[in-house]
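Residue numbers (this note's numbering), protein chains in the order written: chain A, 54 to 446; chain B, 1201 to 1777.
See below:
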């Protein structure tokens, strides 16, 4: 049992705002990720040290690149993609739906968007939304398969989305052949890829000292704002969060859980459809065999680190983008040939640490609040009893 | 005046019941003094955040007896047994096993002392044989081969359990599985057996067989602690009874001399609402109409089990319809069927003339059904969400919670504040999570929420379960007030006195059918209890003398004016004591 707090009655009636944003809450929210990052830096330093490298030199290389403008642009461009991936995963997570299939959804979506972009050439104002919608539709439909399977056949979405990832890879392999999605006569290289998308399909970018900053960052910000607004300000968002917190309570409250499962799976898939577009519409302009893979799984990590919160995921995406962008400088000979893998180790340890830390912090916070409520009520009761005594005396 | 209660213990059970005595020398049982008791718990107190689950509990169990531990759900029986089995550590108090003080940190410590527990939900691996299940985790005792099998047969024969070691558990019925669980515990050398509501899953014949087993165990010197809230079962098998109410032992009873009614009163206390001190508010307007409801479910063994069969009922405006029944006879399914949470196989539900049979839960709630769920943690609250979000739950489409498709958190917060004040929810604020409130305050919040949307029908499933005395009276009063305003109420409760006190009509549910009905003015808890076991059907009326006596007892407890004894002749259908 904890010792009684010395002065619980000091501020019995805090204002509503103070209750909502108390310092303790913020400290608790930040404690876990900060601890996780610190711990993983320590682990990676030890790893580097054992491999005979000076860890401080490595961190120095990363920080130096991160403070240069070209490094910063690279970080923001990467984080745009990461953020979209995180948002896609987080939307499912918020209602306890584990969409592991973000990977397959975005690949398939990017392929179809690339194909449509190469076949259609409309003015940019129509062409760009057309590609966005195509990608979201494909991603959403692919995710809907898992949602429907869960609702009507009770198949765990974890299993079905993992399998759908493999199927998506196979489908991409089937479609991305000359004569179907790739041009009949190959380009000069041996790689098979779609025809580059039309000029009008290219998304705007902002030229900076550090190179072009992808305009897609605007889409990412819009997604974040819409995410936050939908979850916290709409009935649908409330139903979604209620289902995530307690499916039984949500059912009893009138949420049509089956429909929610399908809907949120589709939304998650539609967001996943956007992941491949920054690369497609701002950088490579075609979909090929070498199209960036692994973003779906990265998104899950970022969502975990950012606690599925739109703001938290911004920082998480920036952190992971920082690690990846600056980590790419590590193996260069002039920087000391550090192993790039250290970045993956770091990302892994951050995620593991943060999962554990969040759970510990969550339990601690809940317990602490229960104790605080108990103490405050006891103080109130004691005060009332004392008053009674005075009256009767 | 509607509800009255009396905090003083009832004083009319002179001989059969003794109040729990904390002094170890006298114990609770008349004949305890001589031998060392098998189990002796003294001053056990266990607090959970926001609630005291056990408070100063004293319990003495003699060796070689069946000792029943009774109490309502949420009274603290399970917590106490978890303490005795080492799953929880008490904050205060001592445990003595066979006269030796001990401290249990894990169930392992308790097992080492010869204590075994058979959980309500069996913990068996279906795809393994009985032998494999029994030796699992106890391989060091008799190995896993012939020696173990020999031992199992030996125990089975010794206590007449009739367990076949080579049978696959998935092929066994519920009663056989239970015997395997008991054998598992005995195999580990247990001399003190805790059975957590063992009869909840059994049919009457199986219950009898279980009781024969228990008598066998007893004669071999095993001590059995038997947790139950079923009066008649306890009376038939127990050698001694201890009753727990609201976290503390309120008395020990001698099953030879105590009646079911007295036990029921001990369990629920003297805070009974007085049945005859109010005027009927029942009107002729039909509010809820349920016709020919039928639901069949397929159970784990693949057999179709009819959980609700041909249920028809009417509730009028201003009427409280009480459903009496032993838990698990279809009450939960009836509620879920009316709420639209379970698909119907046949039948219809209509509210205020509007057919709701095909509507989803949300549409039914919008149509005016308020719902106080049986399990508020699972169905009524988002435990980790703040109170104001819990106020939105279930009414997200209604004002003040939302405007169109958008939420209105400011209005919801303001209204939560109003509920907290009007319904006396004890909380430091509306931003704390629901989990940090005590059970009674959570329940008051739920009731406040459901009442805030002017329901036409309120479904109240065990509205005062696990709720402290003060909150209980407030909850009853809220229901009464709403009833006077024309609310129809479907009340489901395991507390017979609550049913008799609040209802205008009572129906008895038994194995998914409404088998009997009664007028609360002319029925006693005892007779209702008999009907709940399926022993009586049709319209039940108690003998006038018994009724007068029961009412006199109630009146004594509540200081209500003595009522007119009904003069109609009882056509006596009850099986009686």
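All C-beta atoms, glycine included, are put in the ideal place defined by N, C-alpha and C. Since this is a predicted model, take the numbers as computed values, not measurements.
In the displayed model, residue 1432 of chain B falls within a helix according to three-state DSSP. Any Cβ of chain B closer than 9 Å to the Cβ of residue 286 of chain A would place that residue at the interface, and such an atom is present. The distance from the Cβ of residue 1505 of chain B to that of residue 1550 of chain B is about 27 Å, inconsistent with a contact at the 8 Å cut-off. Exclusion of the five residues before and after residue 1267 of chain B leaves 1261, 1425, 1440 as the residues of its chain whose Cβ lies within less than 6 Å of its Cβ. According to DSSP, residue 1239 of chain B shares a beta bridge with B/1261, B/1297.
For residue 1646 of chain B, the enclosing alpha helix (DSSP H) covers residues 1639-1651.
Within the model, the alpha-carbon separation for residue 1340 of chain B versus residue 1324 of chain B is close to 19 Å. Residues 1587, 1588, 1591, 1630 of the same chain have their beta carbon placed closer than 6 Å to that of residue 1616 of chain B, with the five preceding and five following residues left out of the count. For a cut-off of 8 Å, the C-beta gap from residue 1702 of chain B to residue 1691 of chain B is around 6 Å, short enough to register as a contact. Distance from the CA of residue 351 of chain A to the CA of residue 201 of chain A, rounded to the nearest whole angstrom, comes to 25 Å. Residue pairing by DSSP places residue 1292 of chain B opposite B/1245 in a beta bridge. Of the other Cβ atoms in all chains shown, fewer than 16 fall within 10 Å of the Cβ of residue 1498 of chain B; this residue is therefore exposed. By the CB criterion at 9 Å, residue 1717 of chain B and residue 1707 of chain B fall inside the cutoff. For residue 1707 of chain B, the enclosing beta strand (DSSP E) starts and ends at 1705-1710. Counting only runs that start and end inside the region 111-196 of chain A, the alpha helix (DSSP H) elements of at least 4 residues fall at 122-146, 155-172. For residue 265 of chain A, the enclosing beta strand (DSSP E) starts and ends at 264-267. Relative to the Cα of residue 1715 of chain B, the nearest Cα in the group B/1722, B/1721, B/1729 belongs to B/1729.
Taking C-alpha positions only, residue 1456 of chain B is separated from residue 1271 of chain B by approximately 19 Å. At a Cβ-Cβ threshold of 9 Å, residue 1683 of chain B and residue 1568 of chain B do not count as neighbours. Contacts between residue 1616 of chain B and chain A, judged by CB atoms closer than 7 Å, are missing: the closest CB pair is about 11 Å apart. When the Cα atoms are used, residue 155 of chain A and residue 182 of chain A turn out to be separated by approximately 21 Å. One finds 298, 299, 415, 419 in chain A with Cβ atoms closer than 9 Å to the Cβ of residue 1584 of chain B, taken in chain order. When DSSP reads this structure, residue 1270 of chain B sits in a beta bridge with B/1428, B/1443. According to the DSSP assignment, residue 1539 of chain B belongs to no beta strand (DSSP E) but to the alpha helix (DSSP H) extending over 1531-1539.
Looking at B/1533, B/1559, B/1349, B/1305, the one whose alpha-carbon comes closest to that of residue 308 of chain A is B/1559. For the set B/1332, B/1593, B/1318, B/1556, the Cα lying nearest the Cα of residue 296 of chain A is the one of B/1593. Here residue 1598 of chain B has 1566, 1653 as same chain residues with Cβ atoms under 8 Å from its own Cβ, once five neighbours each way along the sequence are excluded. The alpha helix (DSSP H) runs of length 4 or more contained entirely in the region 208-264 of chain A are, from start to end of the chain, 210-228.
With a 10 Å radius around the Cβ and a threshold of 16 neighbouring Cβ atoms, residue 1437 of chain B comes out buried. Neighbourhood of residue 1571 of chain B in chain A, by CB distance below 7 Å: 305, in chain order. Three or more Cβ pairs drawn from the region 397-411 of chain A and the region 93-109 of chain A lie within less than 8 Å of each other, which places the two stretches in contact. Counting only Cβ-Cβ distances below 7 Å, residue 1689 of chain B has no contacts in chain A at all, with the closest Cβ about 18 Å away.
Between residue 170 of chain A and residue 250 of chain A, the C-beta spacing is below 9 Å. Bridge pairing for residue 1550 of chain B: B/1489, B/1555 [DSSP]. Under the Cβ criterion of 9 Å, residue 430 of chain A is counted among the residues facing chain B. Taken through DSSP and simplified to helix, strand or coil, residue 1739 of chain B comes out as strand.
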